[in-house]
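Chains as they are written, first to last, in the working numbering: chain D, 2 to 284; chain R, 3 to 469. Here a beta-carbon is modelled for each residue, glycine too, at the ideal position from N, C-alpha and C.
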Amino acid sequence: MAAKVLEKEQLSENVFKLVFEAKKIAKKRKPGQFVVIRIHEEGERIPLTIADADPEKGTVTVIFQTVGKTTTHLSGLDVGDEILDLVGPMGKPTHIEKVGTVVCIGGGVGVPCVYPIARGMREAGNHVIAIVGARNKDLILMEDEMKAVSNELLIATDDGSYGFHGFVSQALEEECIKKGKKIDHVVAVGPVPMMMAVCNTTKKYNIPTIVSLNSIMVDATGMCGACRVSVGGKTRFACVDGPEFDGHEVDFKQLIDRQRIYLDEEKQSMDHYCSCKQGKGGK
Amino acid sequence: MDMKERMKLPRHPMPEQDPKVRARNFDEVPLGYTPETAKEEALRCIQCKKPTCIEGCPVEIDIPGFIKLVAEGDFLGAARKIKEKNALPAICGRVCPQEDQCEVLCVRGKKGEPVAIGRLERFVADYERKQGEVSIPEISSSTGKKIAIVGSGPAGLTVAGDLIKLGHEVTIFEALHKPGGVLVYGIPEFRLPKAIVASEIDYLKKIGVKVETSNVIGKISTIDELFEEGYDAVFLGTGAGLPTFMNIPGENLDGIYSANEYLTRSNLMKAYLFPEYDTPIVKGKNVAVIGGGNVAMDSARTALRLGADNVYLVYRRSRKEMPARAEEAHHAEEEGIQFHLLTAPTSYIGNEKGWVIGMECLRMELGEPDASGRRRPVPIKGSEYVIDVDTVVVAIGTGANPLIQSTTPGLDTNKRGYIIADEEAGQTSREGVYAGGDIVTGSATVILAMGAGRKAATAIHKYVMNK
């Protein structure tokens, strides 16, 4: 169904927040779930994690980075604009229960995805340590929001411009594990190399770790298999079996390969979009 | 024309695009009869007193009845006659396996060739659509009953068409952004133009059917919630939306698709028009399609049209056991699809970037018949060989998508996950919940799904009126 943009905010150079009107989805969605959007008739379907929702106002928030044609187009929408389709809530919700201390790690644009999970974990009575990472200080997202839903907040930047100097996986090891904090569970969402690094760390210490996978999807209802991933040697569909899986079982190498299937086409599509935009105001 | 002359008339061939030309475009392959050809073909029907052809039709169209009207030149009357039983004639005229249904039972086929019933059905429906005089049937006065239909494929559309005429309030919920189910995501443009599907659906909307796209039942609402919202009955026609893979090494390499994905990208998302449309598809040069059904033929012919140099159709049995319609296999071969029969892939070979570059195959021979009655393929030892490929489409069937079943307590399924529904009425283990089409039978045909929809609609009507 069509959905109207109610609010828009630019969070960093390439990261945008859009609040859509979506009454039913706002009521139904749970942490960890996503929506699929299609902007216009010629548009593709892309999955976006639900960063937040307000069941009273009937709104759903997505936060995304402009990486290709569709996200660039999306970032150009204004309040009052409509997209043709907003479908959801898709995927299985995060399994939330009280386990003790949970570290919720968000890297880059993974932070908005881990935010509802952190809040859910906290509400379930867990001690939540949040680790928020990015390449530099300017790219750190949702610091205040993450602070509000965690007991402890750690910031990590690759260049050391803010907080811990290093990757979130290193912050986890140096600042939490090695300092003797007893960690029962880790949730990590972000770029695949980041999730892989976190899993390599937690594997060493035998800490159960859940990751949320951003595979390429088409229908996102389990019909096409585009999003298939190897988990523990078995083929699973991220859209309906996931998007969250046991990070220690995921074949990240294969996931990285599969995310690169359309690199050439993505560039071509972007070039086409830019030339159209110059010519006739884009579509 | 007297009977003797009529008996002498040969079956009129279907004019088609030249194979060399059509192999590079997405336009429809058969071009359709002219009114003159249609009338003459209709004269071949001898108007049997006890027409056996009707027995072969899952929705029991009055075949001699509509053909008589065609012979008389009353094409719009013929269209009305068909629509008494079939709301989707332009579609059925194109994709029904008539050679196994009505036409196989045609008396004319005993000593010669059967009347081209499918081609006439298609002609009549197209004629009506082109005239812009689509007839609106009589709608009964409102019953005040609300029916929810999940899935807008052939089964759901048939149920909707039948129940709206009986005066019920009908809403179809479709998970994708366009209604039509397999008719829009699965069957390619060159076999079933999407404008035709859209116009058949517009017809249903015109007579009052509500269509809610982008609604994934099982996620946004459960079946129980639909009842809470006031629906009196629910029909499940969700199709067989779960791709099957072979689970052989390398199957997740880049460039390997399920047929569902390949066809959805091309048909629903119009990836063949990339970059005008945003969705990309891999345009392979050497493409292997695994399987021998209609979906495999559709995939192979799509690959060719996307610009492949070589398209191999790899099937583990022989031509005789192929489940595809004879016409589809014939069209595929005419266009240059290379059949590798009695061959099965055993593994895929990838390069350092994770892209498929080769497919190791094993030759087969036919052994004893298996449970399906077809001779079982048996591997020939030491017959391994490698085919160079850069794209593979796995078209070996589909399974039951579990989204609804897993969120509907008390809805019984069989061990393969399909919904259990009785054959006569589509009644499931839940009161007020009916099901039909591929989600009950597993992958079958459009017309069988429509037949199941017809029966379920009758049962639903009875149920809600007695409630």
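CB contact check: residue i to chain D, cutoff 9 Å
i, result
"R307 of chain R", "no"
"L405 of chain R", "yes"
"A177 of chain R", "yes"
"F28 of chain R", "no"
"M361 of chain R", "no"
"T415 of chain R", "no"
"K148 of chain R", "no"
"E263 of chain R", "yes"
"P277 of chain R", "yes"
Where residue i falls: helix, strand or coil (DSSP)
i, result
"F246 of chain D", "strand"
"E367 of chain R", "strand"
"M361 of chain R", "strand"
"H74 of chain D", "helix"
"L173 of chain D", "helix"
"L315 of chain R", "strand"
"L159 of chain R", "helix"
"S216 of chain R", "coil"
"H333 of chain R", "helix"
"E123 of chain R", "helix"
"P194 of chain D", "helix"
"G239 of chain R", "coil"
"K18 of chain D", "strand"
"L275 of chain R", "helix"
"Q100 of chain R", "helix"
CA-to-CA distance, residue j to residue i, given in whole angstroms
i, j, result
"Q231 of chain R", "T73 of chain D", "Reading the sequence as shown, one finds Glu at residue 231 of chain R and not Gln. Going from the Cα of E231 of chain R to the Cα of T73 of chain D covers about 38 Å."
"M271 of chain D", "D79 of chain D", "20 Å"
"C177 of chain D", "N207 of chain D", "14 Å"
"Y420 of chain R", "G92 of chain D", "21 Å"
"G283 of chain D", "P190 of chain R", "Residue placement at G283 of chain D cannot be trusted, given a pLDDT of 45 that sits under 50; what the coordinates show is reported in the next sentence. Cα to Cα, the separation comes out at about 29 Å."
"D311 of chain R", "K287 of chain R", "5 Å"
"L270 of chain R", "R193 of chain R", "14 Å"
"G356 of chain R", "L368 of chain R", "34 Å"
"K183 of chain D", "G108 of chain D", "22 Å"
"F21 of chain D", "G89 of chain D", "12 Å"
"K383 of chain R", "G233 of chain D", "31 Å"
"L154 of chain D", "D145 of chain D", "10 Å"
"K417 of chain R", "M248 of chain R", "19 Å"
"R30 of chain D", "G155 of chain R", "27 Å"
"K148 of chain R", "H179 of chain R", "23 Å"
"A290 of chain R", "V199 of chain D", "38 Å"
"F165 of chain D", "A227 of chain D", "37 Å"
Proximity winner among the options, relative to residue i (alpha-carbon distances)
i, options, result
"V435 of chain R", "R:N269, R:S445, R:Y465", "R:Y465"
"G191 of chain D", "D:P56, D:A227, D:S216", "D:S216"
"C363 of chain R", "R:V316, R:H332, R:G401", "R:V316"
"H463 of chain R", "R:S268, R:T215, R:P404, R:G428", "R:G428"
"E42 of chain D", "D:E10, D:T60, D:A3, D:S76", "D:A3"
"A22 of chain R", "R:T345, R:E74, R:E337", "According to the sequence as given, residue 22 of chain R is Lys; it is not Ala. Out of R:T345, R:E74, R:E337, R:E337 has the C-alpha closest to the C-alpha of K22 of chain R."
"D185 of chain D", "D:G77, D:V20, D:I97", "D:I97"
"L451 of chain R", "R:I351, R:L178, R:L368, R:V184", "Inspection of the sequence shows that residue 451 of chain R is occupied by Ala rather than by Leu. Closest by alpha carbon: R:V184."
"M9 of chain R", "R:K112, R:G34, R:K85", "R:K112"
"I138 of chain R", "R:E202, R:F276, R:K469", "R:E202"
Within-9 Å CB hit, residue i to chain R
i, result
"F21 of chain D", "no"
"I26 of chain D", "yes"
"E83 of chain D", "no"
"Y263 of chain D", "yes"
"K58 of chain D", "no"
"Q66 of chain D", "no"
"P192 of chain D", "no"
"L78 of chain D", "no"
"S170 of chain D", "no"
"A227 of chain D", "yes"
"K5 of chain D", "no"
"D86 of chain D", "yes"
"R136 of chain D", "no"
"H166 of chain D", "no"
"M91 of chain D", "yes"
"M224 of chain D", "yes"
"R259 of chain D", "yes"
**OP:** Anything in the segment 234-250 of chain R with a Cβ closer than 8 Å to a Cβ of chain D? List those residues in chain order, please.
**Re:** G243, L244, P245, F247, N249
Original post:
Which residues, taken in chain order from the segment 337-355 of chain R, show a beta carbon closer than 9 Å to some beta carbon of chain D?
Top reply: G352, K355
Original post:
Closer than 7 Å, Cβ to any Cβ of chain D: which residues of the segment 152-185 of chain R, in chain order?
Top reply: A177, L178, H179
Original post:
If contact means a Cβ-Cβ distance below 8 Å, which residues of the segment 200-222 of chain R contact chain D?
Top reply: E214, T215, S216, N217, V218, K221, I222
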